[in-house]
Structures are given as C-alpha cells and as structure tokens.
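Student: Reminder that position 141 of the sequence shown reads as 138 in my numbering, one-by-one numbering, no gaps. For reference, the structure I am asking about is given below.
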Amino acid sequence: MLDKQAKKTMLRKIPHGLYVCGVKDGEELNGFTASWVMQSSFEPPLVINCVNNNSGSHEILQKSGVFALSFLEDGQKELAAKFFKPKRRVGNKLEDVEFIEGPQTGCPIIKDSLGYLECKVVGCVEKGDHTIFVGEVISAGIYREGKPLLLESTGWQYGG
C-alpha cells in the first residue's frame, strides 16, 4: 500500500530549478514558471519540460511546437512569482518584464536572466495531469554568470 505522506515527502526532495518558459502562437505571447525541466540527451541536445494540461500555455505550446526557457538566478524569486498565476498576454507585452523575442522561435526570453534555451518540440508524452514535451535545443544564449534559482530555496513546493 502506498504511504501517501512518504510519497509526497520524497517527491518534494527531488531538486528542481526555476525557469520562465516563454511560449508563442501567432501574436499571442505567454510565460509561466516551470520547474519540472531536465536535460534528456546530449546528441541531439534535448530537454524535457513537463507542463500542466490545464494551463493556457499548454494549449499554446501544443499548437506552436516551440518554447524558450529563461534560466532565473538565485534571488529572483519575485520574478518567478510573476509567472506562477495563469495570465494571458496578447501581442508584444509581458506586463513590466523586459524580454526579447527569441531569434529562432519568437518566444519571449527574459532579459534579466542568466541565459536561455530555445527549443522545438520533437515529441510529447501525455500521461497524468502534465504533458512531457521533448524539446530539441535549437538556440542558446548566456547573459551572465550566476547560480540558478532553485525551487527549494524559495520555500515553495510544487510536487508530491
């Protein structure tokens, strides 16, 4: 029998970085805080990005087949928080956050981040309440050196 509290406790011990995942479909831009992200292949360079099936960004990502990950720096908890709640952005705006449109995907990339990856979706697995999007890295950039923001350092919990 599954000990639900033990399961929850142990799943929350899996370390996760925090990223802003930018998506774009036509003129519609959006961003959300992603934490279930990891590298899954060297050649070709692949990452997986697990996205809640009920989010507006999930629908945009399915349609467009592209996304960008902005790597947040330790201490950027407030910036990550801006992207936690579901919010749709129309046109070329992300409220008061400076961003560029990615050179390969057009997806929003946060300027005040450590850097970014742009990805083209090459596969997905639809199981449970999240979809696993497999993205091939097609572009990358570094803005500055620094330590990445980790979910555990924020006091937030997403998992279990």
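Glycine included, C-beta positions come from ideal geometry on N, C-alpha and C.
Counting C-beta neighbours from all protein chains within 10 Å, is the total for Gln36 16 or more, i.e. buried, or is it exposed?
Tutor: Counting from 1 along the sequence shown, the entry for residue 36 is found at position 39. Under this definition Gln36 is an exposed residue.
Student: Do Phe64 and Val118 have their beta-carbon atoms positioned less than 9 Å apart in this structure?
Tutor: In the sequence shown, the residue the question calls residue 118 occupies position 121. In the sequence shown, the residue the question calls residue 64 occupies position 67. Yes, these two residues count as a Cβ contact at 9 Å.
Student: Who are Ser38's beta bridge partners in DSSP?
Tutor: Counting from 1 along the sequence shown, the entry for residue 38 is found at position 41. DSSP lists Leu43 as partners of Ser38.
Student: If we ignore side chains and look at the alpha-carbon of each, how far apart do Thr30 and Ala78 end up?
Tutor: Position 33 of the sequence shown holds residue 30. Position 81 of the sequence shown holds residue 78. Cα to Cα, Thr30 sits roughly 8 Å from Ala78.
Student: If you drop the 5 nearest sequence neighbours on each side, which residues of the same chain put their C-beta closer than 8 Å to that of Arg85?
Tutor: Along the sequence shown, one-based indexing puts residue 85 at 88. For Arg85, the pLDDT reaches just 48, beneath the cut-off of 50, and the residue's location in the model is therefore unreliable, although a value from the coordinates is still provided. Contacts found: Glu25, Asn27 and Gly53.
Student: Rounded to whole angstroms, what's the CA-CA distance from Leu76 to Leu147? Just pull it up for me.
Tutor: For the purposes of this step, residue 76 is identified with residue 79 of the sequence shown, where counting begins at 1. For the purposes of this step, residue 147 is identified with residue 150 of the sequence shown, where counting begins at 1. Cα to Cα, the separation comes out at about 13 Å.
Student: I need the DSSP call for Lys90, collapsed to helix, strand or coil.
Tutor: In the sequence shown, the residue the question calls residue 90 occupies position 93. The predicted position of Lys90 is uncertain, since its pLDDT is 42 and thus under 50; no value can be drawn from it.
Student: With H, G and I counted as helix, E and B as strand and the rest as coil, what does DSSP make of Ser150?
Tutor: Looking up residue 150 in the sequence shown gives position 153. In this structure, Ser150 counts as helix in the three-state DSSP scheme.
Student: What is the C-beta distance between Val44 and His55, in whole angstroms, given that I count them as a contact (C-beta under 8 Å)?
Tutor: Residue numbering aside, residue 44 sits at position 47 when the sequence shown is read from its first letter. Residue numbering aside, residue 55 sits at position 58 when the sequence shown is read from its first letter. Actually they are not in contact, since the Cβ atoms of Val44 and His55 sit about 17 Å apart, beyond 8 Å.
Student: Going by other Cβ atoms of all chains shown within 10 Å of its Cβ, with 16 needed for buried, is Glu92 buried or exposed?
Tutor: Walking along the sequence shown from the start, residue 92 turns up at place 95. Glu92 should be labelled exposed.
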